[in-house]
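Residue numbering for the sequence shown follows the working numbering, starting at 1265 and increasing by one per position. Notes to accompany the following structure.
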Amino acid sequence: MTKSEIADFFNRIRNLKSSKELKAHEFFEQNKSKIIDEYKKHLESKIDENNIEKEKLEHEKNMFEKKVCVKCGSMMRLINGSFWGCPNFRDVDNGVKHSTYSANKDEYYSMYENKVEYLYGLKIKTTWASDIIKSVEGKGIITPLLLVRLLEDEGYRDMREYSNRSSSKHALSGWVTANENSKISEKEVLEYFKSVFDTCVYQVGIKYNFANDREKIGFIDLIASDELDVFIIEVKNNSCDVKENQLENYHKAIKHVMNKSKDKRNVYSIHVVYGFMGNDKNDNIISFDKINTIKEINKLKIILGKPAYKKRNRTFSILNQSVSIADFEF
Ligand SMILES: [Zn+2]
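This is the structure we're talking about:
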């Protein structure tokens, strides 16, 4: 591939991602009034359900106070001084049991208070957004998370906020949120490296393939370099997200590209973990917390160079002669 063909190739991949997003936004705009109607209908039906439950609870409380069975309306009897029972308790049809009440008033009222508190929030499922998407035939076009966001822009709250439970954005497709968090952390790490190294390039598109393997496409988070050393950096939010093979592959691919252009600089590869660091013995991982106050490049290079990429006793696949890299100078 020529340089411009390679650039086109990586741009096409980027555009594919954004054209999908564009379609989702377009879909929302075109179906906005239908979507908002569905939203209102959904919310109203939940409010109705909730009101019915509240009335039922209120009725049960009245029955308790009058000592009347909710099912058959009979007067209850105090049994052994410990609970109130219905004289018709043996007569169970439709599976509905006759009432029993605790003889302890406080116990009953605390149970009642718990139920009232529970009914304070609506019973909204985490799937409310995908239910709306289904009803407007937008499945596969718009994601629930985006729908929640766009509705919020229109002034409609995340429906889960009406319940006592966690918000949809939290519960919806965990990977989306994780992905967004990692974008923020990537940016912060990039800013830091930019302040220390002369040359930083990020999201470097790379296409490579190993013998006996299919072609792989990746984007290297960050390459920081100077006239002596090149650091390939993958930024992770969590040390559990580290994919060791991926970094190995990038390392070999970059080395290959450099050898071809007779670039003799040292190459190091490292994962920088922004968030949670597990108890990881891996040599190629460093916590962002450990480096982010270092302003001096040589100090930083010593730390980054130490846990540098080490070849372990694994059989490595052999890189084919075909590595394409997006047009970046590093
Ligand atoms: Zn009864």
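Note that the Cβ used here is the ideal one computed from N, Cα and C, for glycine as well. This one's a predicted model, so the numbers in the text were calculated from it and none came from an experiment.
Local conformation of residue i per DSSP, three classes
i     : result
R1413 : helix
D1505 : helix
I1550 : strand
H1535 : strand
F1594 : coil
K1471 : strand
S1282 : helix
N1315 : helix
F1540 : strand
N1530 : strand
D1462 : coil
E1377 : helix
A1488 : strand
Y1384 : helix
K1216 : Here the chain has residues from 1265 to 1594 only, and residue 1216 is not among them.
I1555 : helix
D1272 : helix
Residue-level contact to chain C via CB, residue i, 8 Å cutoff
i     : result
C1504 : In the structure shown, chain C cannot be found, because there is only a single protein chain.
Heavy atom of ligand 1 within 7 Å of residue i beta-carbon
i     : result
K1335 : yes
H1323 : no
N1326 : no
N1352 : yes
S1338 : yes
S1399 : no
H1306 : no
Per-residue burial, residue i [other beta carbons within 10 Å of its own, 16 or more giving buried]
i     : result
K1433 : Any reading at K1433 must be qualified, since the residue scores a pLDDT of 49, below 50, and its modelled position is unreliable; no value is offered.
I1397 : buried
N1279 : exposed
G1337 : exposed
Y1538 : buried
G1469 : buried
Alpha-carbon to alpha-carbon, residue j and residue i
i     : j     : result
R1276 : C1464 : 23 Å
H1535 : Y1466 : 14 Å
S1282 : F1292 : 15 Å
V1506 : A1367 : 59 Å
H1362 : C1350 : 6 Å
G1345 : E1425 : 44 Å
N1295 : V1460 : 48 Å
E1560 : S1525 : 29 Å
A1572 : N1548 : Unreliable positioning characterises A1572 in this predicted model, as indicated by a pLDDT of 43, which lies under 50. The coordinate reading is nonetheless provided below. In a straight line, the C-alpha of A1572 is about 6 Å away from that of N1548.
heavy atom of ligand 2 below 7 Å from residue i C-beta
i     : result
H1362 : Absent from the structure shown: ligand 2. Ligands present: ligand 1.
Could you pull out every unbroken beta strand (DSSP E) segment of at least 3 residues lying fully inside the stretch 1329 to 1361, listed in chain order? DSSP runs (the beta strand (DSSP E)) wholly in the stretch 1329 to 1361: 1341 to 1343 and 1347 to 1349.
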